[in-house]
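Numbering (the UniProt record's numbering), first residue to last: 1 to 305. Using N, Cα and C, we set each Cβ at its ideal position, and we do this for glycine too. Given the structure is predicted, the values throughout are model-derived calculations rather than measurements. Below is one structure; the comments refer to it alone.
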């Protein structure tokens, strides 16, 4: 069980970073960037390509993260801002961000080819043994980065003026704009942070898998599922959803079968949304929310009978 927990937390940290990338953007702009998975792919493919060309690994990774961050900003100006300027309440950004995702994926497949490429190893393959279970340094790094991302974002959100204004914009953008808040600047920052988080997830998962133009779909969907499990309103809740999903997926692979992780996340998200429609960690105690949801469903079933 400890091995399942450690392995689940390491892959869940990657899911959580992608979920946080979704959540940070939604937190400020109330927009879901459906090209988030492709931002992960941009970081992976560019890092792998530059490393293969002979650049030092640290420089390749830095360029990959910078590119995913910049791509996030470009997506805002190309696919989101024009839509919101035309109609703030329009959901056309759903189609426009999906369109950008398709363009990025197709471009990567043309440039790098559809086959997988090797990714530079960030750390050696040494294992740490904890209570009879083992975890690689790469997996441990993923967990550490996830913790730093959550703690850092929460401190930034609660303790800095920029973060507090961002909270005000997320609550009432029109009022925040009326009192002089630079709404566009905060939206750009949110998309940039989202791109950085997605890129970090790509750099962390790259050494474990391979660089492939289609990884964006896989981790974008899984990250969105993690977002729904944890809660869309708070980035920290999204990370919690990623960790829960990671542990449950590894557990399903271990106890059900090696292909269980292909379908099990969707079972989990359906159950969670039935019992806690706003996500497990949206607000308050997760266990209380879950127990309350179970109680409501039980009462409904009894009333129906």
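Which residues mark the beginning and the end of the alpha helix (DSSP H) in which residue i is found?
| i | result |
| --- | --- |
| residue 129 | First-last for residue 129: 127-130, but that is the beta strand (DSSP E), not the alpha helix (DSSP H). |
| residue 47 | 36-52 |
| residue 29 | 2-29 |
| residue 61 | 57-75 |
| residue 270 | 264-275 |
| residue 182 | Residue 182 -> no alpha helix (DSSP H), and no H or E assigned at all. |
| residue 84 | 81-86 |
Indicate the three-state DSSP secondary structure (helix, strand or coil) for residue i in the structure shown.
| i | result |
| --- | --- |
| residue 116 | coil |
| residue 222 | helix |
| residue 282 | coil |
| residue 328 | Shown here, the chain extends from 1 to 305; a query on residue 328 therefore has no answer. |
| residue 92 | coil |
| residue 258 | coil |
| residue 32 | coil |
| residue 122 | coil |
Could you check the C-alpha separation between residue i and residue j for me, to the nearest Å?
| i | j | result |
| --- | --- | --- |
| residue 269 | residue 54 | 42 Å |
| residue 10 | residue 256 | 20 Å |
| residue 130 | residue 248 | 20 Å |
| residue 4 | residue 250 | 6 Å |
| residue 40 | residue 192 | 13 Å |
| residue 161 | residue 168 | 11 Å |
| residue 43 | residue 61 | 8 Å |
| residue 223 | residue 75 | 18 Å |
| residue 139 | residue 210 | 15 Å |
| residue 18 | residue 37 | 7 Å |
| residue 234 | residue 78 | 26 Å |
| residue 228 | residue 22 | 10 Å |
| residue 59 | residue 151 | 26 Å |
| residue 101 | residue 132 | 42 Å |
Thinking just about the alpha-carbon of each residue, which of the options is nearest to the one in residue i?
| i | options | result |
| --- | --- | --- |
| residue 240 | 230, 147, 18 | 230 |
| residue 219 | 190, 236, 261, 252 | 261 |
| residue 144 | 35, 50, 2, 14 | 14 |
| residue 204 | 134, 146, 152 | 146 |
| residue 149 | 57, 238, 108 | 238 |
Could you give the residue range of the beta strand (DSSP E) that holds residue i?
| i | result |
| --- | --- |
| residue 133 | 133-136 |
At a cut-off of 8 Å, is residue i close to the ligand MG when judged by its beta-carbon and the heavy atoms of the ligand?
| i | result |
| --- | --- |
| residue 246 | By its list of ligands, the structure shown contains no ligand whatsoever, and the ligand MG lies outside what it can speak to. |
### 3 or more residues per run - each beta strand (DSSP E) lying fully within the segment 198-246
For the beta strand (DSSP E) assignment, the segment 198-246 encloses no uninterrupted run of at least 3 residues.
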